[in-house]
Amino acid sequence: MPEILKGTEVAKALRAELEVEAQTLKARGVQPCGCLIRVGERADDIQYENGAAATFEKLGIRVEKRSFASDVSQDELIFAIDKINADPLIHGVLIFQPLPNHLDARAIRNRLLPCKDVDGMTDLSTIGVYRNEPIGYAPCTAQACIELLDHYKIDVAGKNAVVIGRSNIVGKPLSLLLLHRNATVTLCHSKTRNLREVCKAADILFAAIGRARMIDSDYVSSGQTVIDVGINVLKDGTVCGDVNFDSVAPIVARLTPVPRGVGSITTTVLAKNILSAAGRTL
Ligand code: NAD
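Listed below in C-alpha cells is the structure:
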C-alpha cells in the first residue's frame, strides 16, 4: 500500500502554526480580519461561508460577512468593495464566485486591492503568480497542493511534475508554482495526446480534471506520488476524486485520499493568506 498523504493532517499542522501567528500579530496591535462577500443565497456558498468563518474564528481571525441580494447592482457592489479596500481593519477578502450574469465579474474582482486578494482572483495576483512576485496571492487550491508537498517534505526540484487540467484556479497556477520550485512541468488537458504515457512518465502526478475516478492503473507507474485535487459528487451522494484510489493504490508510492485530501487544506490556506496580508500592514 502507498503512503497516504492526508490533507487533514496538513491542515491540522498548519492551523497550529497559524494560531501562534495570529497571537503574535495581536500582540503587535493587529487584529487579523477576513471579509467574506456573498451575492445571492446559494446553499454551497452559505455552507462554505459558515465553515470558513468557524475556522477563521478558531484561529483568532475576526470575520466580517457582507451579503447582497442576487439582483445587486454593479455600482452597489463596486461601492462596497471600495469601502472594504479603504478599511485598514480588513486584511483579506473572498468574493464568492460565480457572480450572477448581470454583473461584470472581471471588473468586480479586479476592483479588489491585490494586497487583500487572499483567494488569488485578481489579474494582479495572477501576474504575481506568473512572475513569482508577492503582489497578491495564488488561488488557494493550487497553494494547498504546495502546502501538502511541504508538509510531507516532497521536493519537486528537478522532478517531472505532470498536472492534468489547465483551469485558471487550479491547473495553470499550480503548474507555475511547481515551476518556481524547479520542477520540470508538463501541463495536460482535454486535447493532450497519449495522456496515459505522459502520466506514467511523471514523478509527481496532479489530477485536477473534474472527472470522477478517471485516473486508474493505466495512467500510473511504480514509485510515483499522486495528488488528487478532484472533488466529484456521484449520483448516490458519494464524494470521490479524479483518481481511482483502489485501482492505483497497489502501484504508486504516495497517494492523497478524497475526501480528506487537498480539499481539506484550502480554507486553512485562506486563513494563512489573511494572516500574511495582516502581517504586510505592519
Ligand atoms: P475545470 O472544469 O475548470 O477544468 C478541468 C480541466 O480538466 C480542463 O482544463 C480540461 O482541459 C481538463 N480535462 C477535462 N477532461 C479531460 C480529459 N478527459 N483528459 C485530460 N484533461 C481533461 O475544473 P477545475 O475548476 O480546475 O477543477 C478540477 C477539479 O478540481 C474538479 O474535480 C473540482 O471539483 C476540483 N476542485 C477542487 C478544489 C479543492 O479544494 N480540492 C477546488 C477547486 C476545484
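So in numbering that gives the first Met the number 0, spot 147 of the sequence shown is number 146, and the numbers just go up one at a time. All residues carry an ideal CB built from backbone N, CA and C; glycine is no exception. Since we're looking at a predicted model, the values are computed, not measured.
Where residue 41 falls: helix, strand or coil (DSSP):
Here residue 41 is taken as the residue at index 42 of the sequence shown, counted from 1. Here DSSP, grouped into helix, strand and coil, assigns residue 41 to coil.
Of the listed residues 122, 4 and 59, nearest to residue 296 (C-alpha basis)
Nothing can be reported for residue 296: it is not among the residues displayed for the chain, which extend from 0 to 281.
Can you tell me the Cα-Cα spacing of residue 258 and residue 5, whole angstroms?
Your numbering for residue 258 matches position 259 in the sequence shown. Your numbering for residue 5 matches position 6 in the sequence shown. Straight across, the Cα-Cα distance linking residue 258 with residue 5 is about 9 Å.
On a Cα-Cα basis, can you pick out the residue from 222, 201 and 227 that is closest to residue 213?
Taking the first residue of the sequence shown as 1, we reach residue 213 at position 214. With distances taken between Cα atoms, residue 213 lies closest to 227.
Please list, following the chain, all residues that have a C-beta closer than 6 Å to any non-hydrogen atom of ligand 1.
This criterion selects 140, 163, 164, 165, 166, 168, 169, 170, 187, 188, 189, 191, 194, 207, 208, 209, 210, 228, 229, 230, 231, 241, 261, 262 and 265.
Between the CA atoms of residue 115 and residue 126 - distance to the nearest angstrom
As a position in the sequence shown, residue 126 is number 127, starting the count at 1. As a position in the sequence shown, residue 115 is number 116, starting the count at 1. Between the alpha carbons of residue 126 and residue 115 lies a gap of roughly 15 Å.
Mind checking who residue 185 pairs with in its DSSP beta bridge?
As a working note, residue 185 is residue 186 in the sequence shown. 161.
Between the beta-carbon of residue 224 and the beta-carbon of residue 202, is there less than 8 Å?
Within the sequence shown, the letter at position 225 stands for residue 224. Within the sequence shown, the letter at position 203 stands for residue 202. Cβ atoms of residue 224 and residue 202: closer than 8 Å.
Between residue 43 and residue 19, what straight-line distance do the alpha-carbon atoms span, to the nearest angstrom?
What you label residue 43 is simply residue 44 of the sequence shown in a count that begins at 1. What you label residue 19 is simply residue 20 of the sequence shown in a count that begins at 1. So the two alpha carbons sit approximately 30 Å from each other.
So what does DSSP say about residue 14, is it helix, strand or coil?
On the sequence shown, position 15 is the one that residue 14 refers to. Correct three-state label for residue 14: helix.
From the DSSP output, read off the bridge partner residues of residue 203.
Numbered from its first residue, the sequence shown carries residue 203 at position 204. Looking at the DSSP assignment, residue 203 forms a beta bridge with 160 and 224.
Are the beta-carbon atoms of residue 284 and residue 175 separated by less than 8 Å?
The displayed coordinates of the chain run from 0 to 281. Any statement about residue 284 would go beyond what the structure contains.
Just to confirm my understanding: we take residue 231, look at its own chain, exclude 5 residues before and 5 after, and list those with CB closer than 6 Å. What are they?
Residue mapping note: residue 231 aligns to position 232 of the sequence shown, counting from 1. Closer than 6 Å at Cβ, skipping near neighbours: 211 and 239.
Tell me whether residue 21 is buried or exposed, calling it buried when 16 or more other Cβ atoms sit within 10 Å of its Cβ.
Within the sequence shown, residue 21 is the residue found at index 22, counting from 1. In the assembly as shown, residue 21 is a buried residue. Its beta-carbon has 16 or more other beta-carbons within 10 Å.
Would you kindly report the start and end of the unbroken alpha helix (DSSP H) that includes residue 29?
Counting from 1 along the sequence shown, the entry for residue 29 is found at position 30. For residue 29, there is no enclosing alpha helix (DSSP H), since its DSSP letter is neither H nor E.
With respect to the alpha helix (DSSP H) encompassing residue 75, which residues constitute its N-terminal and C-terminal limits?
What you label residue 75 is simply residue 76 of the sequence shown in a count that begins at 1. 73-85 is the extent of the alpha helix (DSSP H) around residue 75.
Just verifying my parser: in three-state terms, what is the DSSP assignment at residue 242?
Walking along the sequence shown from the start, residue 242 turns up at place 243. DSSP places residue 242 within a strand segment (E or B) once states are collapsed to three.
Closest Cα partner of residue 169 within the set 141, 188, 152 and 75:
To locate residue 169, count along the sequence shown from 1; it is residue 170. The option with the nearest alpha carbon to residue 169 is 141.
Three-way DSSP call (helix, strand, coil) for residue 2 in this model
Position 3 of the sequence shown, counting from 1, holds the residue named residue 2. Correct three-state label for residue 2: strand.
Exposed or buried, what is residue 23 when buried is set at 16 or more other beta-carbons lying within 10 Å of its beta-carbon?
To locate residue 23, count along the sequence shown from 1; it is residue 24. Burial call: exposed.
Which partner residues of residue 66 appear in the DSSP bridge assignment?
Indexing the sequence shown from 1 puts residue 66 at position 67. In DSSP, residue 66 forms a bridge with 37.
Touching by the beta-carbon criterion (3+ pairs, under 8 Å), the stretch 77-88 and the stretch 261-276
Cβ pair count under 8 Å is below three, so no.
For residue 91, which beta-bridge partners are listed by DSSP?
Mapped onto the sequence shown, residue 91 falls at position 92. Bridge partners of residue 91: 33.
Ordered list of beta strand (DSSP E) runs contained in the stretch 95-175, each at least 3 residues:
159-163, all fully within the stretch 95-175.
Compare the C-alpha of residue 34 against each of 91, 66, 72 and 74 and name the closest.
If you number the sequence shown from 1, residue 34 lands on position 35. The candidate whose alpha carbon is nearest that of residue 34 is 91.
Give the single residue among 71, 36 and 147 whose Cα lies nearest to the Cα of residue 118.
Position 119 of the sequence shown, counted from the first residue, corresponds to residue 118. Nearest neighbour of residue 118 by Cα position, chosen from 71, 36 and 147, turns out to be 36.
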